[in-house]
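A.B. asks: Our numbering numbers the first residue of the sequence shown as 438 and each following residue consecutively.
We put the CB at the ideal spot given by N, CA and C, even for glycine.
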Amino acid sequence: HMPGTREYLTCETGEIVLAVAGEQWRLAPGDVMTFRGDQRHSYANPGSRPAVGYSVVLLAPVE
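Following this line, the structure appears as structure tokens:
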């Protein structure tokens, strides 16, 4: 994503591991994280059950 982009990730069910720029967080149902979307990031389901999450991306304005 372009510099200035923000992302929000929330976990609805299960567990989601969010990795951003070398750091990791475990999200449980109801947790919300916000982070710079222009950094290297990934989502993972570490469990054996399905995980449901929602991501909102606020794109940086194009100048």
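Can you check the segment 460–488 for any beta strand (DSSP E) of at least 3 residues that lies completely inside it and give the ranges in chain order?
C.D. replies: Qualifying beta strand (DSSP E) stretches, in chain order: 460–464, 469–473 and 478–481.
A.B. asks: Round the Cβ separation of Phe472 and Val457 to the nearest angstrom and send it over; I've been treating them as touching at under 8 Å.
C.D. replies: Indeed they touch by this definition, with Cβ atoms about 5 Å apart.
A.B. asks: Measure the beta-carbon distance from Tyr474 to His438 and round it to whole angstroms, keeping in mind my assumption that it falls under 8 Å.
C.D. replies: Strictly speaking, residue 474 in this sequence is Gly, with Tyr absent from that position. Rounded, the Cβ-Cβ distance is 4 Å, consistent with contact.
A.B. asks: Using the three-state DSSP reduction, which class does Thr447 fall into: helix, strand or coil?
C.D. replies: Here Thr447 sits in strand by DSSP.
A.B. asks: With DSSP run on the structure shown, which of helix, strand or coil describes Ala497?
C.D. replies: The answer is coil: DSSP assigns Ala497 none of H, G, I, E or B.
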